[in-house]
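Colleague: Mapping to the numbering used here: the sequence shown position 141 is 376, numbers consecutive.
The C-beta atom is built at its ideal place from N, Cα and C for all residues, glycine as well.
Here's a structure for you.
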Amino acid sequence: MNKRVMLLTGAGQIGMAIARRMGYGMKIIVGDKRIENAQTVAKTMNEAGYDVVPMEMDLSDRESIRSLILEGQKYGDISMLVNAAGVSPSQAPVEAILKVDLYGTAVLLEEVGKVIVPGGTGVTISSQSGKRMPQLTAEEDELLACIPTEELLSLDILQPCNIKDTLHAYQLAKRCNEKRVMAEAVKWGERGARLNSISPGIIVTPLAMDEINGPRGDFYKNMFQKCPAGRPGTADEVANVAELLMSEKGAFITGTDFMCDGGATASYYYGPLKPARR
Ligand SMILES: NC(=O)c1ccc[n+]([C@@H]2O[C@H](COP(=O)([O-])OP(=O)(O)OC[C@H]3O[C@@H](n4cnc5c(N)ncnc54)[C@H](O)[C@@H]3O)[C@@H](O)[C@H]2O)c1
């Protein structure tokens, strides 16, 4: 069998919405640490005419990422990557956030970048949260972008003594995602492929519900009430952006990050979400 193959990591709402938008006619391998999530998404999509294989995988583990790629290559060439796996500040401790969201994403982009076909496209889900952190130095940004993946977690700025809390770890991870996408897009470009990230605001998913019902719940509710859109977003609206980035219409777009946050970041800097003192 030789089909175009999509790798989807993270069988959540955002991942499924993008896979449904872009994955028709393809073989879709959906990897998730919780196999039951992958199975649920596979069942829903297969019953809607897609061709999906669920697989247990761990984004924080290079061998597991390689197994996902090998599974995909059984069916054909890897033409699309959707990375929507991740843990949020209320779901995991600092170490796990850095291992999954920061290191795991970097390894995935690197490994898929070795096999993506010409004309291939990828998106990884970052977050507007990374835009709220104070600027890093040019040197720190460059290290996040370019240091070999196995050295990432040894960086000074990522040591536990330099990380305030899980939100700070999450913000660093998402900042790293954007920087890594820029550097990897150069390598993907050498293969004729494109790579971008999307930074959503609050999108109603199980992950967001954990935040809304968690210790930062009031902060989250305030954020979507006071953003220009005045509401949280939906996974299908993130898929609208992915469709632009992953289709021919996005042929000149690579190595960049697109926000899809209902204007929450704009309001954080220049509107009612601006903190009293920064
Ligand atoms: N929902 C939001 O408001 C929001 C906002 C900004 C960014 N994001 C980002 O979007 C991405 C997807 O989130 P979502 O809201 O669709 O969440 P979700 O909870 O619906 O899905 C996330 C999936 O990732 C899986 N996962 C967690 N750790 C994993 C690991 N180590 N290996 C493989 N799979 C793993 C989970 O089991 C889950 O199925 C995350 O990176 C998140 O940070 C979400």
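(1) Measure the alpha-carbon distance for Asn318 versus Glu298 and round it to whole angstroms.
(2) Within its chain, find whatever has a CB closer than 8 Å to the CB of Ser325; leave out the 5 residues flanking it on each side and keep chain order.
(3) Indicate the three-state DSSP secondary structure (helix, strand or coil) for Arg239 in the structure shown.
(4) Classify Asp496 as buried or exposed, calling it buried when 16 or more other Cβ atoms lie within 10 Å of its own Cβ.
(5) Would you say Asp471 touches ligand 1, meaning its beta carbon is less than 7 Å from a heavy atom?
(6) Along the chain, where does the beta strand (DSSP E) that runs through Met494 open and close?
(7) Extract the residue ranges of the beta strand (DSSP E) inside the segment 292-323, only unbroken runs of 3 or more that lie entirely within it.
(8) Starting from Asn448, trace the alpha helix (DSSP H) in both directions and tell me its first and last residue.
(9) Please determine if the segment 454-462 and the segment 381-399 are in contact, where contact requires at least 3 C-beta pairs separated by less than 8 Å.
(10) So is the beta-carbon of Ile392 under 7 Å away from any non-hydrogen atom of ligand 1?
(11) Judging by CA-CA distance, which residue of Ser323, Ala283, Gln308 is the nearest neighbour of Leu316?
(12) Can you tell which of Gln406, Leu305, Leu343 has the C-alpha that lies nearest to the C-alpha of Leu333?
(13) In terms of residue numbering, what span does the alpha helix (DSSP H) encompassing Asn397 cover?
(14) Taking three-plus beta-carbon pairs below 8 Å as touching, is the segment 335-350 in contact with the segment 409-424?
(15) Hey, how far is the Cα of Met481 from the Cα of Val329?
(16) State the CB to CB distance for the pair Arg429 and Thr489, rounded to an integer number of angstroms; the pair is presumed to be in contact (CB under 8 Å).
(17) What are the boundary residues of the alpha helix (DSSP H) that includes Met329?
(18) Do Arg367 and Tyr503 count as a contact pair if the criterion is CB distance below 8 Å?
(19) Do the CB positions of Ile438 and Gly468 come within less than 8 Å of each other?
(20) Return the bridge partner residues of Met290 from the DSSP annotation.
(21) Taking 7 Å as the line, does the beta carbon of Gly497 fall inside it for any heavy atom of ligand 1?
(22) Can you tell me the Cα-Cα spacing of Ala408 and Gly498, whole angstroms?
(23) What number of angstroms, rounded off, separates the C-alpha of Asp391 from the C-alpha of Asp376?
(24) Taking DSSP as the reference, what is the three-state secondary structure of Leu390?
Modeller: Per the coordinate set shown:
(1) If you number the sequence shown from 1, residue 318 lands on position 83. If you number the sequence shown from 1, residue 298 lands on position 63. The alpha-carbon separation between Asn318 and Glu298 amounts to approximately 17 Å.
(2) Within the sequence shown, numbered from 1, the residue matching residue 325 stands at position 90. For Ser325, where only same-chain residues beyond five positions count, the Cβ hits under 8 Å are Thr401, Asp445, Glu446, Gly449, Pro450, Arg451.
(3) Looking up residue 239 in the sequence shown gives position 4. DSSP places Arg239 in coil when its eight states are reduced to three.
(4) Counting from 1 along the sequence shown, the entry for residue 496 is found at position 261. By the 10 Å Cβ count, Asp496 comes out buried.
(5) Numbered from its first residue, the sequence shown carries residue 471 at position 236. For ligand 1, not one heavy atom lies less than 7 Å from the Cβ of Asp471.
(6) Position 259 of the sequence shown, counted from the start, is the residue given in the question as residue 494. Here the beta strand (DSSP E) through Met494 covers 492-495.
(7) Listed in chain order, they are 313-318.
(8) The sequence position of residue 448 within the sequence shown is 213, counting from 1. Per DSSP, Asn448 belongs to no alpha helix (DSSP H) and is neither H nor E.
(9) Inter-segment contact for the segment 454-462 and the segment 381-399 is absent: fewer than three beta-carbon pairs are separated by less than 8 Å.
(10) In the sequence shown, counting from the first residue as 1, residue 392 sits at position 157. No - ligand 1 has no heavy atom lying nearer than 7 Å to the Cβ of Ile392.
(11) Taking the sequence shown and counting its residues from 1, one reaches residue 316 at position 81. Looking at the Cα atoms, Gln308 is the closest of the given residues.
(12) Taking the sequence shown and counting its residues from 1, the one referred to as residue 333 is at position 98. Among Gln406, Leu305, Leu343, the Cα nearest to that of Leu333 belongs to Gln406.
(13) For the purposes of this step, residue 397 is identified with residue 162 of the sequence shown, where counting begins at 1. No alpha helix (DSSP H) holds Asn397; DSSP gives it neither H nor E.
(14) Segments in contact, yes.
(15) If you number the sequence shown from 1, residue 481 lands on position 246. If you number the sequence shown from 1, residue 329 lands on position 94. Annotation: Met481 to Val329 spans about 32 Å, alpha carbon to alpha carbon.
(16) The residue you call residue 429 lines up with position 194 of the sequence shown. The residue you call residue 489 lines up with position 254 of the sequence shown. About 4 Å separates the CB atoms of Arg429 and Thr489; that is less than 8 Å, so the two are in contact.
(17) In the sequence shown, the residue the question calls residue 329 occupies position 94. The question names Met, but residue 329 is Val in the sequence shown. Note, Val329: alpha helix (DSSP H), 329-332.
(18) For this step, residue 503 is matched to residue 268 along the sequence shown. For this step, residue 367 is matched to residue 132 along the sequence shown. For Tyr503 and Arg367, yes; Cβs fall inside 8 Å.
(19) Indexing the sequence shown from 1 puts residue 438 at position 203. Indexing the sequence shown from 1 puts residue 468 at position 233. In this structure, Ile438 places its C-beta atom within 8 Å of the C-beta atom of Gly468.
(20) If you number the sequence shown from 1, residue 290 lands on position 55. In the DSSP assignment, the residues bridged to Met290 are Gly266.
(21) Taking the sequence shown and counting its residues from 1, one reaches residue 497 at position 262. Not so, every heavy atom of ligand 1 lies at least 7 Å from the Cβ.
(22) The residue given as residue 408 occupies position 173 in the sequence shown. The residue given as residue 498 occupies position 263 in the sequence shown. Distance between the alpha carbons of Ala408 and Gly498 is about 21 Å.
(23) In the sequence shown, residue 391 corresponds to position 156, counting from 1. In the sequence shown, residue 376 corresponds to position 141, counting from 1. Answer to the nearest angstrom: the Cα atoms are 12 Å apart.
(24) Indexing the sequence shown from 1 puts residue 390 at position 155. Looking at Leu390 - three-state DSSP - the assignment turns out to be coil, as it is neither helix nor strand.
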